[in-house]
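Heads up: the protein sequence lines correspond to chains A and B, in order.
Take 1 as the starting number for the first sequence in the numbering used here and just add one per residue.
Take 1 as the starting number for the second sequence in the numbering used here and just add one per residue.
In this text, a Cβ means the ideal position worked out from N, Cα and C, and glycines have one as well.
Everything on this sheet refers to the single structure shown next.
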Amino acid sequence: MSTGLRRDAVLAGAKAATALAVAAFPFGVVYGVTVVESSVDRWVGVAASWLILAGAAQLSLISLIDDGSAWYVAVLTALVINARFALYSTAVAPAFREFPARWRVGLAYLLTDQAASLSLARFDIDRDPDSRRSFVLGAGLFFASGWWIGTVVGVFGGTVIPDELDLSFAVPAMFIALAVPAVTDRPALVAAMVAVVVAVAGAPLPNGLNVVVAAVVGIAAGRLVVRPPEVPSS
Amino acid sequence: MSPAVQVLLVGVGTYLIRLSAIVAAGRLPPPSPSTVATLRLIAPAVLAAIVADQLVVSDGGIEVEASWIVAAVLAGLAAWRWRSAAITMGLGLAVVWIADALT
């Protein structure tokens, strides 16, 4: 039975994801080094890159576990960070409806920020379901590969990085690289600014709760300036 | 609870979040504009909170390292201008390294 996979579209997805996969590699290395420097077992850290496949949440989880946070705080914080995937899920759902069921459940796993963005852009110019799912597969797998390879290199080769090469700023830099492009309009800017203020003001809160509280307050503040988007007439 | 179980829980939870609307799409009406507007704020709010936490919060207190703040501002401008993770990270790290070398 044919899978309906379109090789040209798989390759187009991989090509579109190339720059992002290259960028994911050093992120993965930083994450891997973070794992090694934490109390978390390296194999658990590697497994997280397969099971979770979301850098910000993984870093948060490892760091909260290492800080001795309560398990539910560590787990819930990571899931709050990943709540944004519900938006991507919503955005790609109409296109995914035309995919075979097995593909829907499989491709959902690869729905990173990057793969989702690339796929949504592709859906605008490509109406063929077989071609679309081939593209999602190529982009999703190729991007994830950068993260997986980076993780393994960071976990098992991280010590080859010379001591004088201070990579401690790489983690905040990575979050800056993710956060800034996420600020796409004024409500998002308000949400981000308020979240920054509350996160700092909430520094004394235990178990990394300042991040969760800051996010919730930031979202609420952003909602106050939101104008509901107009419903497309198509 | 062991770290492995926590990783597993987050993995399963994250997958279910990714799958949620894809599965629900056929059964539910499209999300209201109000819901979409809220979902759109999650990423900027959470990520900005993490940036602030990473930059200045340490062990329940506030610790400000001047070179990190300068690097963060420049990296932020680079991210805004070029939308490139590689440029953002590269510039931020370079600023910190230069600052360290000068002091």
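How far does the alpha helix (DSSP H) with residue i in it extend, from its first residue to its last?
{"i": "residue 49/A", "result": "42-51"}
{"i": "residue 70/A", "result": "From DSSP, residue 70/A is part of no alpha helix (DSSP H); its letter is neither H nor E."}
{"i": "residue 181/A", "result": "170-182"}
{"i": "residue 37/A", "result": "7-37"}
{"i": "residue 142/A", "result": "129-157"}
{"i": "residue 223/A", "result": "209-224"}
Taking buried to mean at least 16 other C-beta atoms within 10 Å of its own C-beta, is residue i buried or exposed?
{"i": "residue 113/A", "result": "buried"}
{"i": "residue 84/A", "result": "buried"}
{"i": "residue 173/A", "result": "buried"}
{"i": "residue 98/B", "result": "exposed"}
{"i": "residue 89/B", "result": "buried"}
Kindly list, in the order they appear in chain B, the residues whose Cβ is closer than 7 Å to that of residue i.
{"i": "residue 176/A", "result": "51, 72, 75, 76, 79, 88 and 92"}
{"i": "residue 115/A", "result": "Simply none; closest approach about 10 Å."}
{"i": "residue 109/A", "result": "15 and 18"}
Would you please state the rounded distance, in angstroms, between the beta carbons of residue i and residue j? I believe it to be under 8 Å.
{"i": "residue 56/A", "j": "residue 142/A", "result": "The pair is not a contact, with the Cβ atoms about 20 Å apart (cut-off 8 Å)."}
{"i": "residue 45/B", "j": "residue 219/A", "result": "5 Å"}
{"i": "residue 235/A", "j": "residue 30/A", "result": "Since the first residue of chain A shown is 1 and the last is 234, residue 235/A is not available in this structure."}
{"i": "residue 198/A", "j": "residue 214/A", "result": "4 Å"}
Is the shortest distance between the beta-carbon of residue i and the beta-carbons of chain B less than 8 Å?
{"i": "residue 123/A", "result": "no"}
{"i": "residue 18/A", "result": "no"}
{"i": "residue 94/A", "result": "yes"}
{"i": "residue 26/A", "result": "yes"}
{"i": "residue 102/A", "result": "no"}
{"i": "residue 140/A", "result": "no"}
Check whether chain A comes within 8 Å of residue i, counting only Cβ atoms and requiring the distance to be less than that.
{"i": "residue 9/B", "result": "yes"}
{"i": "residue 29/B", "result": "no"}
{"i": "residue 14/B", "result": "yes"}
{"i": "residue 22/B", "result": "yes"}
{"i": "residue 41/B", "result": "yes"}
{"i": "residue 69/B", "result": "no"}
What does residue i touch in chain A if you count any residue whose Cβ is under 7 Å from its own?
{"i": "residue 44/B", "result": "179, 182, 183, 188, 191 and 192"}
{"i": "residue 38/B", "result": "219 and 223"}
Just to make sure I have the definition right: I need the residues of chain B whose C-beta is within less than 8 Å of the C-beta of residue i. Which are they?
{"i": "residue 34/A", "result": "What residue 34/A touches in chain B: nothing, since even the nearest Cβ is about 11 Å away."}
{"i": "residue 196/A", "result": "48, 49, 51 and 52"}
Run through chain A and tell me which residues come within less than 8 Å of residue i, C-beta to C-beta.
{"i": "residue 98/B", "result": "Correct list: empty, because the minimum Cβ distance to chain A is about 11 Å."}
Using a C-beta to C-beta distance shorter than 9 Å, which residues of chain B count as neighbours of residue i?
{"i": "residue 149/A", "result": "In chain order: nothing, as chain B lies at least about 16 Å away."}
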